[in-house]
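Below is one structure, written out as structure tokens; the observations come after it.
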Amino acid sequence: MNTAFFHSPRFLEHENGPNHPERPQRLEAIVKAVKEVGLWDALDHPEFEAAADIDLWTCHTQAHIERVKQLAQDGGGYLDGDTHVSPVSFEVATLGVGAAIAAVGAVMKGEAKNAFVAARPPGHHAESGREPNSPWGFCLFNTVAIAARVAQRDFGAQRVAILDFDVHHGNGTQEIFYSDPSVLFVSLHQSPLFPHTGTVGQRGAGEGIDKTINFPLPPGSSGAVYHRVWGQVGARVRDFKPDLILLSAGYDAHEADPLGGMKLTADDYGALIYDAKLWAEENCGGKLVAILEGGYNLDALASSVVMTLGVMNGQFLDELH
Ligand SMILES: [Zn+2]
Numbered sequence: 360m361n362t363a364f365f366h367s368p369r370f371l372e373h374e375n376g377p378n379h380p381e382r383p384q385r386l387e388a389i390v391k392a393v394k395e396v397g398l399w400d401a402l403d404h405p406e407f408e409a410a411a412d413i414d415l416w417t418c419h420t421q422a423h424i425e426r427v428k429q430l431a432q433d434g435g436g437y438l439d440g441d442t443h444v445s446p447v448s449f450e451v452a453t454l455g456v457g458a459a460i461a462a463v464g465a466v467m468k469g470e471a472k473n474a475f476v477a478a479r480p481p482g483h484h485a486e487s488g489r490e491p492n493s494p495w496g497f498c499l500f501n502t503v504a505i506a507a508r509v510a511q512r513d514f515g516a517q518r519v520a521i522l523d524f525d526v527h528h529g530n531g532t533q534e535i536f537y538s539d540p541s542v543l544f545v546s547l548h549q550s551p552l553f554p555h556t557g558t559v560g561q562r563g564a565g566e567g568i569d570k571t572i573n574f575p576l577p578p579g580s581s582g583a584v585y586h587r588v589w590g591q592v593g594a595r596v597r598d599f600k601p602d603l604i605l606l607s608a609g610y611d612a613h614e615a616d617p618l619g620g621m622k623l624t625a626d627d628y629g630a631l632i633y634d635a636k637l638w639a640e641e642n643c644g645g646k647l648v649a650i651l652e653g654g655y656n657l658d659a660l661a662s663s664v665v666m667t668l669g670v671m672n673g674q675f676l677d678e679l680h
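Here the sequence shown stands for residues 360 to 680, numbered as in the numbering used here.
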């Protein structure tokens, strides 16, 4: 079995307008690099379809779903100053969510070794919609959260761990699972930085207490810092004993990223993925799905995703040629 790579040219059609960092070229750069190193043919490329409203309802209010749908139908508009809905965005975003659902299905059913979802727009800032003025941060629907819910609803996962290493805090994922003991949400993120949530004191509520774990890190944090914190994450994952591990895989903590101020390299991402893969093997038969979030320097993003895929598929990249 191979790593399954979920991608569609349709993911390029969502548009944020000129000079926006979250642009179609991000995925073009990833696909080009994956092909150039010879990884493309080593991966599986399953087909998938768009998520249905019933899937979106697992995490979002009907009012939020209708708002995105209506903005798209009306020819486009903004959820907030940074977050654009273009005419095709509802279709494209639900196709991305569908890719994540298919990825989770393939991994849970043992049809893929693990999976990577290269979709856009990203998702981890998208909250349920109960608070419509929350920060959307380029996100329309919370892909990783819906994937977790559908893994529980359709594929027999009881406990799902979501590990978020995007440089920004995953406020949407945190909000959706804040009181839920069946989903462990761990975030490593730069602080201070948008969306200015994710303090250590935000650790869940009710039955979900201590199932939200935040590691705010100062600007300039290096791979060594991440490595040390990641070790603590591993201990929490082992305690939790997940049936599936999802990664909110944002690459904007890379040293070249224009939005983040961290110092990670592609090799550092490889080390994070190596550990996550190990934890999945130890706890849940290797069931690991990475879902693309941020990452805005095209070369850094492409090389980091290539590193991720090489580690996930168990290939040393210098052996590929
Ligand atoms: Zn980000």
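The beta carbon of each residue, even a glycine, is placed where N, CA and C say it ideally should be.
What are the partner residues of T442, as DSSP defines its beta bridges?
D439
Which value, in whole angstroms, describes the spacing of the CA atoms of A431 and R597?
42 Å
Hey, would you say the C-beta of E652 is under 7 Å away from at least one heavy atom of ligand 1?
yes
N-terminal and C-terminal residue of the alpha helix (DSSP H) that A661 is part of
L657 to M671
With hydrogens ignored, establish whether the beta-carbon of G609 is closer than 7 Å to any heavy atom of ligand 1.
yes
Considering only residues of the stretch 494 to 521, which uninterrupted alpha helix (DSSP H) runs meet the minimum length of 4 residues and lie entirely inside it, listed in chain order?
502 to 513
Check each candidate in A506, E395, P554 and S550 and name the one with the smallest Cα separation from G457.
A506
Measuring only from the beta carbon, is H373 closer than 7 Å to any heavy atom that is part of ligand 1?
no
Here's a check: name, in chain order, each residue in its chain whose Cβ is nearer than 6 Å to the Cβ of W638, leaving out the five neighbours to either side.
G593 and V596
Does any heavy atom of ligand 1 sit closer than 7 Å to the C-beta of V526?
yes
Close beta carbons around Y437, own chain, < 6 Å, minus the five adjacent residues each side
H443
Does T362 come out as helix, strand or coil in the three-state DSSP assignment?
strand
Rounded straight-line distance, which links the Cα of N530 to that of N573:
11 Å
Cβ pair S445, H373 closer than 8 Å
yes
Quickly, what does DSSP pair L603 with across the bridge? List them, please.
V519
Does DSSP put S448 in a helix, a strand or coil?
helix
Neighbourhood of S550 by C-beta distance below 6 Å, restricted to the same chain and skipping five residues each side
P575
Would you kindly report the start and end of the unbroken beta strand (DSSP E) that includes V648?
L647 to L651
Tell me, which residues are paired with P575 by DSSP?
H548
Since I650 and V503 should fall inside the 8 Å C-beta cutoff, what is the C-beta to C-beta distance between them, to a whole number of angstroms?
5 Å
Reference A630, options S663, D441, S538 and G654, closest by Cα
S663
Find out if the Cβ-Cβ distance for the pair V463, A520 is shorter than 8 Å.
no
Counting only the same chain and skipping the five closest in sequence on each side, list residues whose C-beta sits under 7 Å from that of V559.
N573 and P575
Just verifying my parser: in three-state terms, what is the DSSP assignment at L543?
strand
Reduced DSSP category for N375 - H, G, I as helix; E, B as strand; rest coil:
coil
Exposed or buried, W495, counting other C-beta atoms within 10 Å across all chains shown (16 or more means buried)?
buried
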